[in-house]
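Trainee: Sequential numbering from 21 applies to the sequence shown in this note's numbering.
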Amino acid sequence: MSDFPQILFPLLLTTFAGLATGIGGLIVLMSKKPNPRVLSVALGFSAGVMIYVSMIEIFPKARLSLTPDYGEKLAYVLTTLLFFGGIFLIALIDKLVPSFENPHEIHELKDMEKAVDRDKLLRMGLFSALAIGIHNFPEGLATFFSAMDDTGIGLSIALAVAIHNIPEGIAVAIPVLYATNSRRKAFGYSLLSGLSEPVGAVIGVLVLLPVFSPAMLGFSFAMVAGIMVFISLDQLLPTAEKYGEHHLAIYGLISGMAVMATSLVLLS
21 MSDFPQILFP
31 LLLTTFAGLA
41 TGIGGLIVLM
51 SKKPNPRVLS
61 VALGFSAGVM
71 IYVSMIEIFP
81 KARLSLTPDY
91 GEKLAYVLTT
101 LLFFGGIFLI
111 ALIDKLVPSF
121 ENPHEIHELK
131 DMEKAVDRDK
141 LLRMGLFSAL
151 AIGIHNFPEG
161 LATFFSAMDD
171 TGIGLSIALA
181 VAIHNIPEGI
191 AVAIPVLYAT
201 NSRRKAFGYS
211 LLSGLSEPVG
221 AVIGVLVLLP
231 VFSPAMLGFS
241 FAMVAGIMVF
251 ISLDQLLPTA
261 EKYGEHHLAI
271 YGLISGMAVM
281 ATSLVLLS
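In structure tokens:
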């Protein structure tokens, strides 16, 4: 397989980003309570990276990739439609996930201590793992194809997605820990919940890579930009504000944008 060296690094990046949910599991096992202020800044930082790279780098690249086949005007229209198509896709996935098992609700240890229905807690943890898997699948595609086109952008997106996945691992580990009293199971389920990201990358290799073209890259990038903007505005920023101060979330957001902008300038 002559393309294997080319796809190995994007696959490894996507796997790293996905399995960062396991870091969330380790945080639960090693501490009594996640530090909400640090979590708030980290989530804001992740949102800043995603929003900046989506609007400044990925959207223009999508338009540029579509221009040779469709012309400048139609390429702009298609990029815009696909951008909102990506938003619609991830919003639909989000809508289909029951709110009770919302993977972006970080259940605190003190709340779990008050709960007496262990079956309900276990169900919460397992559904959170399933929901995270559904959410993370398109993120795996996004990370993979971004890294295929540009290693620098792929690294930045993988880092942002990894930060984003840490609190999701916490959301899985806490209810499983209190339902089963098993640290091994709590960590194991949090780690497994991130596997859909490398699975998304593998499907990208098997299904989309054989028909890969500049136009296909443009379609993928436009939808990826929409997906990442929605995740940032609908999930990361609200969660960052909930678990910290408003200004901490915004400082994290601006810092993420600044780091992303600096890296793009240095790599250009």
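No residue lacks a Cβ here, since even glycine has one placed at the ideal position from N, Cα and C.
Please read these numbers as outputs of a predicted model, since none were measured by experiment.
Tell me the rounded alpha-carbon separation between G220 and L268.
Mentor: Distance between the alpha carbons of G220 and L268 is about 32 Å.
Trainee: Taking the alpha helix (DSSP H) that N185 falls in, what are its first and last residues?
Mentor: Start and end: 171–200.
Trainee: Taking contact to mean 3 or more Cβ pairs, one atom from each stretch, closer than 8 Å, check whether the region 157–174 and the region 39–53 are in contact.
Mentor: Cβ pair count under 8 Å is below three, so no.
Trainee: Quick one, which of L237, V285, V249 has its alpha-carbon nearest T87's?
Mentor: Ranking the options by Cα distance to T87, first place goes to L237.
Trainee: Apply the 10 Å Cβ neighbour rule to L28 and answer buried if 16 or more other Cβ atoms are within range, or exposed otherwise.
Mentor: Exposed.
Trainee: Shortest alpha-carbon distance to T35 belongs to which of A67, L175, Y96, V192?
Mentor: The residue with the shortest Cα to Cα distance from T35 is L175.
Trainee: Going by alpha carbons, who is nearest to G214 out of G172, L286, I183?
Mentor: It is I183 whose Cα lies nearest to the Cα of G214.
Trainee: Measuring CA to CA, which of G45, L31, H266 is closest to P187?
Mentor: Taking only the C-alpha atoms, the option nearest P187 is G45.
Trainee: Have a look at I76 and L39 and give me their C-alpha separation to the nearest angstrom.
Mentor: Rounded to whole angstroms, I76 to L39 spans 27 Å at the Cα level.
Trainee: What are the start and end residues of the alpha helix (DSSP H) that includes G68?
Mentor: 56–72 is the extent of the alpha helix (DSSP H) around G68.
Trainee: In angstroms with no decimal places, state the Cα-to-Cα distance between Y209 and L33.
Mentor: Taking the straight line from one Cα to the other gives about 21 Å.
Trainee: Please work out which residues of its chain come closer than 7 Å, Cβ to Cβ, to F250, disregarding the five sequence neighbours upstream and downstream, and give them in chain order.
Mentor: I107, I110, A111.
Trainee: Would you say S290 and A191 are within 7 Å of each other, going by their C-beta atoms?
Mentor: This structure gives no information on residue 290, because the portion of the chain shown stretches from 21 to 288.
Trainee: My assumption, with CB atoms under 8 Å, is that N69 sits in contact with A180. Please give the rounded CB distance.
Mentor: Strictly speaking, residue 69 in this sequence is Val, with Asn absent from that position. The pair is a contact, with the Cβ atoms about 4 Å apart (cut-off 8 Å).
Trainee: Suppose contacts are defined by Cβ-Cβ distances below 7 Å. Is T99 in contact with A235 by that definition?
Mentor: Not in contact: T99 and A235 (Cβ atoms no closer than 7 Å).
Trainee: What is the rounded straight-line gap between the Cα of V73 and the Cα of P80?
Mentor: Whole-angstrom Cα-Cα distance: 10 Å.
Trainee: Could you give the uninterrupted runs of the alpha helix (DSSP H) lying entirely in the region 198–264, keeping only those of 4 residues or more?
Mentor: Whole alpha helix (DSSP H) segments, 4+ residues: 203–212, 216–223, 234–251, 257–262.
Trainee: Could you give the first and the last residue of the continuous alpha helix (DSSP H) run that contains I43?
Mentor: 41–50 is the span of the alpha helix (DSSP H), which, as asked, contains I43.
Trainee: How far does the alpha helix (DSSP H) with I107 in it extend, from its first residue to its last?
Mentor: Here the alpha helix (DSSP H) through I107 covers 92–116.
Trainee: Among S166, V196, L84, which has the Cα closest to the Cα of M248?
Mentor: Here the closest residue by C-alpha is S166.
Trainee: Would you check if the distance between the CB atom of A206 and the CB atom of L212 is smaller than 7 Å?
Mentor: Result no, Cβ atoms of A206 and L212 do not sit closer than 7 Å.
Trainee: Label R83 either buried or exposed according to how many other C-beta atoms from any shown protein chain fall within 10 Å of its C-beta, with 16 as the threshold for buried.
Mentor: It is buried - the Cβ of R83 has at least 16 other Cβ atoms within 10 Å.
Trainee: One question on the structure: do A245 and F103 come within less than 7 Å of each other, judged by their Cβ atoms?
Mentor: Yes.
Trainee: Just to check my reading of the structure: A67 and L284 have Cβ atoms closer than 8 Å, yes? What is that Cβ distance to the nearest angstrom?
Mentor: Not quite, the Cβ-Cβ distance comes to about 17 Å (not below 8 Å), so this is no contact.
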